[in-house]
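Trainee:
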DNA sequence: GGAATCCGCACTAGAATAGTGCCGATTGAG
DNA sequence: CTCAATCGGCACTATTCTAGTGCGGATTCC
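Residue numbers (the working numbering), protein chains in the order written: chain A, 737 to 906; chain B, 737 to 906.
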């Protein structure tokens with residue numbers, strides 16, 4: 737299913753909270769008390785974020801977590817990657833380490849392998865395009881986060897009639 | 737996990753194949769023979785697509801499936817919805833039927849509810865923006881499917897200037 | 001020394017996913 | 001009219017993923 741796990745959800749809650757108190761050291765206890773979140777799982781999410789280098793942890797009394805970088809420099813993509821691994825779409829991609837080894841036995845005939853990789857890339861860009869800051873900023877109009885003035889369909893350009901050279905993303 | 741199920745994968749394979757033979761009636765057997773896909777599951781995916789109104793089925797000998805509309809008019813969003821339900825991101829949204837009933841007990845304090853809804857919307861637009869036709873068209877440059885002339889980050893508009901991307905995965 | 005806090009391991013229960021089998025209903029062809 | 005191809009529906013199993021919880025150890029401040 738195309739959705740995030742709770743672990744990620746908890747991690748996001750924590751990160752948004754940490755963004756509110758940027759610069760400070762906040763304990764997992766504090767976060768756990770503020771939101772109805774199983775503290776134990778919250779701790780796991782925080783650990784994962786720490787291991788991914790997104791959070792700095794200080795132990796001992798008065799310890800806690802803090803952002804290692806500015807909230808502007810942390811993307812949703814990184815966060816999701818840290819919490820549940822880089823998002824893949826199909827089994828083909830899951831193995832194969834992306835086109836590296838042609839491990840996918842369907843590869844030769846599989847008509848969707850490449851298209852689906854594009855899809856993943858697109859979704860990935862979407863996640864990469866959102867900073868923790870913008871996520872945490874409640875003053876931003878929801879529709880403005882992703883939506884642009886242009887028609888979404890036009891942006892993503894559906895039928896791909898115009899095929900302008902694209903910035904080599906990946 | 738942020739990924740599609742195999743069922744969806746199989747459904748997409750079938751749809752791409754059906755797009756290649758647009759107008760014709762193709763049996764699930766034929767598809768199953770062409771690609772190394774468990775025929776049984778393929779049949780399930782096809783059934784789901786039929787029930788969603790994306791495919792027309794004819795029974796009996798020489799029966800099979802065909803697209804109900806032009807491949808241009810079918811979006812990935814519809815397909816995914818048919819095969820695994822409308823993508824949600826968090827539990828908050830899962831219940832609540834989206835902001836309708838305030839079922840989410842975290843709602844009052846949950847700092848990510850709204851932002852995450854935006855995320856979902858963005859991903860949804862992404863899926864809605866891709867037609868089956870463009871997905872099936874192998875001549876389209878992969879990067880062009882989603883990418884536009886504009887910088888992705890600019891489109892999705894974020895403060896972040898795209899960090900160096902870690903190629904490592906899994 | 002005690003309290004607060006992060007750290008790491010292991011375990012259970014439930015849900016989702018992947019896959020398979022079987023039989024009935026429908027329909028075209030011989 | 002019978003046979004074979006094909007869709008349609010039901011039920012079942014095994015594996016993996018997800019969610020949640022417990023416990024004890026290591027650090028650090030007071």
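Virtual Cβ for every residue (Gly too), placed ideally from N, Cα, C.
Any idea which residues DSSP pairs residue 811 of chain B with across the strands?
Mentor: Beta-bridge pairing links residue 811 of chain B to B:867.
Trainee: Can you give me, in chain order, the residues of the region 741-754 of chain B that have a beta carbon less than 8 Å from any beta carbon in chain A?
Mentor: For the region 741-754 of chain B, which is checked against every Cβ of chain A, the residues closer than 8 Å are 741, 742, 745, 748, 749, 752, 753.
Trainee: Going by the beta-carbon positions, is the gap between residue 781 of chain A and residue 757 of chain A smaller than 7 Å?
Mentor: Their beta carbons are not under 7 Å apart, which means residue 781 of chain A does not touch residue 757 of chain A by this criterion.
Trainee: Just the C-alpha distance for residue 859 of chain A and residue 778 of chain A, rounded to the nearest angstrom, thanks.
Mentor: Approximately 26 Å, taken between the alpha carbons.
Trainee: Consider the Cβ of residue 777 of chain A: report whether some Cβ of chain B lies at a distance smaller than 7 Å.
Mentor: It does not; no Cβ of chain B falls within 7 Å.
Trainee: Taking C-beta pairs closer than 8 Å, name the residues in chain A that residue 790 of chain B reaches, listed in chain order.
Mentor: Those within 8 Å of residue 790 of chain B in chain A number zero; the least Cβ separation is about 16 Å.
Trainee: Taking the DSSP output, what are the residues bridged to residue 763 of chain A?
Mentor: In DSSP, residue 763 of chain A forms no bridge with anything.
Trainee: May I ask you to report which of helix, strand or coil DSSP gives residue 886 of chain A?
Mentor: At residue 886 of chain A, the pLDDT of 34 sits below 50, so the modelled position is not reliable and the matter cannot be decided from this model.
Trainee: Does residue 862 of chain B come within less than 7 Å of chain A when only Cβ atoms are used?
Mentor: Yes, residue 862 of chain B counts as interfacial toward chain A.
Trainee: Please report the straight-line C-alpha distance between residue 737 of chain A and residue 737 of chain B, rounded to a whole angstrom.
Mentor: Using only the alpha carbons, I get a separation of about 7 Å.
Trainee: Might you give, ordered along the chain, the residues of its own chain that have their beta carbon closer than 7 Å to the beta carbon of residue 760 of chain A, omitting 5 neighbours on each side?
Mentor: 802, listed in sequence order.
Trainee: Across which residues does DSSP place residue 801 of chain A in a beta bridge pair?
Mentor: Beta-bridge pairing links residue 801 of chain A to A:762, A:793.
Trainee: State buried or exposed for residue 799 of chain A, treating a residue as buried only when at least 16 other CB atoms are found within 10 Å of its CB.
Mentor: Classification of residue 799 of chain A: exposed, given that the 10 Å Cβ count is below 16.
Trainee: Check for me: the alpha helix (DSSP H) holding residue 775 of chain A runs from which residue to which?
Mentor: Counting along the chain, the alpha helix (DSSP H) containing residue 775 of chain A begins and ends at 775-787.
Trainee: Considering only the alpha carbon of each residue, which of B:863, B:754, B:749 lies closest to residue 807 of chain B?
Mentor: The candidate whose alpha carbon is nearest that of residue 807 of chain B is B:754.
Trainee: Assign residue 856 of chain B to buried or exposed, taking buried as 16 or more other Cβ atoms, counted over all protein chains shown, within 10 Å of its Cβ.
Mentor: Classification for residue 856 of chain B: buried.
Trainee: Which partner residues does residue 738 of chain B have in the DSSP bridge list?
Mentor: Note: residue 738 of chain B sits in a beta bridge opposite A:738.
Trainee: Would you call residue 869 of chain B buried or exposed, if buried means 16 or more other Cβ atoms sit within 10 Å of its Cβ?
Mentor: So residue 869 of chain B counts as buried.
Trainee: Take residue 750 of chain B as the anchor and find which of B:740, B:739, B:762, B:794 has the nearest alpha-carbon.
Mentor: Selected option, being the one with the closest Cα: B:762.
Trainee: Mind pulling the chain B residues with CB within less than 9 Å of residue 855 of chain A?
Mentor: The answer, in chain order, is 740, 812, 862, 863, 866, 871, 881, 882.
Trainee: Rounded to whole angstroms, what is the Cα-Cα separation between residue 865 of chain A and residue 809 of chain A?
Mentor: One C-alpha to the other measures close to 11 Å.
Trainee: What in chain B is Cβ-close to residue 796 of chain A, meaning under 9 Å?
Mentor: Simply none; closest approach about 27 Å.
Trainee: Compare the C-alpha of residue 862 of chain A against each of A:786, A:816, A:805 and name the closest.
Mentor: When each option's Cα is compared against that of residue 862 of chain A, the closest is A:816.
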